[in-house]
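The opening position of the sequence shown corresponds to residue 1 in this note's numbering, with each subsequent residue numbered one higher.
Read the structure below first, then the notes.
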Amino acid sequence: MEWLGLESLAVVLSVGYLVLAVRENSICWYLAFFSTSIYVYIFVSVSLYMESFLNVYYMGMAIYGWYQWKRAGLQGVGCDICRWPLSRHLFVVIAIFAVSSISAQVLQAYTDAQFPFLDSLTTWGSIVATVMVARKVLENWLYWMVIDALSIFIFIDRELYQTAGLFSFYLIIAALGYLSWRKIDRHESRRVPQAIIAPMEGLEKDK
Numbered sequence: 001m002e003w004l005g006l007e008s009l010a011v012v013l014s015v016g017y018l019v020l021a022v023r024e025n026s027i028c029w030y031l032a033f034f035s036t037s038i039y040v041y042i043f044v045s046v047s048l049y050m051e052s053f054l055n056v057y058y059m060g061m062a063i064y065g066w067y068q069w070k071r072a073g074l075q076g077v078g079c080d081i082c083r084w085p086l087s088r089h090l091f092v093v094i095a096i097f098a099v100s101s102i103s104a105q106v107l108q109a110y111t112d113a114q115f116p117f118l119d120s121l122t123t124w125g126s127i128v129a130t131v132m133v134a135r136k137v138l139e140n141w142l143y144w145m146v147i148d149a150l151s152i153f154i155f156i157d158r159e160l161y162q163t164a165g166l167f168s169f170y171l172i173i174a175a176l177g178y179l180s181w182r183k184i185d186r187h188e189s190r191r192v193p194q195a196i197i198a199p200m201e202g203l204e205k206d207k
């Protein structure tokens with residue numbers, strides 16, 4: 001296919017993005033911007049319109065994510081890893097399924113889209129998960145594991161074998177990313193009380 005070279009480049013950039021994201025390196029957002037701009041064209045060429053729309057969104061989120069990791073926070077030095085409560089996750093999951101059902105009906109009625117519901121589900125799920133990555137929400141990796149597994153099936157059917165291989169790699173890295181971020185989060189949680197206690201001990205000594 002004429003876009004085989006572009007798909008290869010997009011895969012390489014996407015792998016670089018994910019590896020750097022696991023390491024909390026903000027350079028990942030530069031790679032995300034360029035890889036997703038390539039995928040916008042690729043997905044239109046195989047009639048996966050929601051996936052193409054998703055990658056336009058990713059381009060914008062690459063800019064937002066870079067800002068969050070480099071400039072957000074109380075001291076303007078970037079955000080820290082955090083967790084969402086179970087109630088918020090339940091609300092988000094229900095909302096994803098509801099919106100996916102609506103967009104699937106629209107795609108089925110007005111386009112030649114393949115797998116309209118799965119395409120919609122992975123798209124809206126990815127929209128939410130990308131916001132979670134930008135804000136360093138730990139559970140984003142769990143969302144990606146589900147999204148990646150569904151995406152592999154879609155891409156194999158569309159004969160995007162390199163991209164299917166990429167998402168198989170994503171699935172593994174998402175699991176490793178969750179374990180890595182959870183370890184960092186636990187370390188930072190233990191460090192915060194010490195940061196509070198130390199100044200108080202200093203005050204006691206001054207007395």
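Ideal Cβ placement from N, Cα and C applies to all residues, glycine included.
So, for residue i: in the same chain, excluding its five sequence neighbours on each side, which residues have a beta-carbon less than 6 Å away from its beta-carbon?
i    : result
T36  : N55, Y58, M59
N140 : A129, M132, V133
W144 : A129, A174
W181 : I81, L138
Since residue i contacts residue j with CB under 8 Å, what's their CB separation in whole angstroms?
i    : j    : result
W66  : W29  : 4 Å
S50  : S103 : Contrary to the premise, residue 50 reads as Met rather than Ser in this sequence. M50 to S103, Cβ: 7 Å. Contact.
D148 : A174 : 6 Å
A164 : I172 : At roughly 14 Å, the Cβ-Cβ gap does not stay under 8 Å, so A164 and I172 are not in contact.
I81  : L138 : 6 Å
L18  : I27  : With a Cβ gap of about 12 Å, L18 and I27 do not count as contacting.
L6   : G16  : The Cβ separation is near 16 Å, so there is no contact.
L176 : V22  : 6 Å
Does residue i come out as helix, strand or coil in the three-state DSSP assignment?
i    : result
V137 : strand
C82  : strand
E24  : coil
L160 : coil
L176 : helix
R182 : helix
L48  : coil
Please classify residue i as buried or exposed, where buried requires at least 16 neighbouring CB atoms within 10 angstroms.
i    : result
K183 : exposed
Y110 : exposed
D119 : buried
S14  : buried
I42  : buried
S45  : exposed
L179 : exposed
Q194 : Residue placement at Q194 cannot be trusted, given a pLDDT of 49 that sits under 50; what the coordinates show is reported in the next sentence. Flag for Q194 reads exposed.
L160 : buried
L86  : exposed
A107 : Before going on, a small fix: residue 107 reads as Leu here, not Ala. Classification of L107: buried, given that the 10 Å Cβ count is 16 or more.
E201 : Low confidence applies to E201: its pLDDT is 49, below 50, so where it sits in the model is not reliable, and the reading given next is rough at best. It is exposed - the Cβ of E201 has fewer than 16 other Cβ atoms within 10 Å.
L90  : exposed
Which same chain residues end up closer than 8 Å to residue i when comparing Cβ atoms and leaving out the 5 residues on each side of it in sequence?
i    : result
A134 : M61, Y64, G65, Q68, W69
F97  : L121
So, at 7 Å on beta carbons, what are the nonlocal neighbours of residue i in its own chain, with the 5 sequence-adjacent residues on each side left out?
i    : result
S168 : I152
L142 : Y178
Handout entry: Uninterrupted beta strand (DSSP E) stretches inside the region 88-137 (no shorter than 3 residues)
Key = At a cut-off of 3 residues, not a single continuous stretch assigned as beta strand (DSSP E) sits fully inside the region 88-137.
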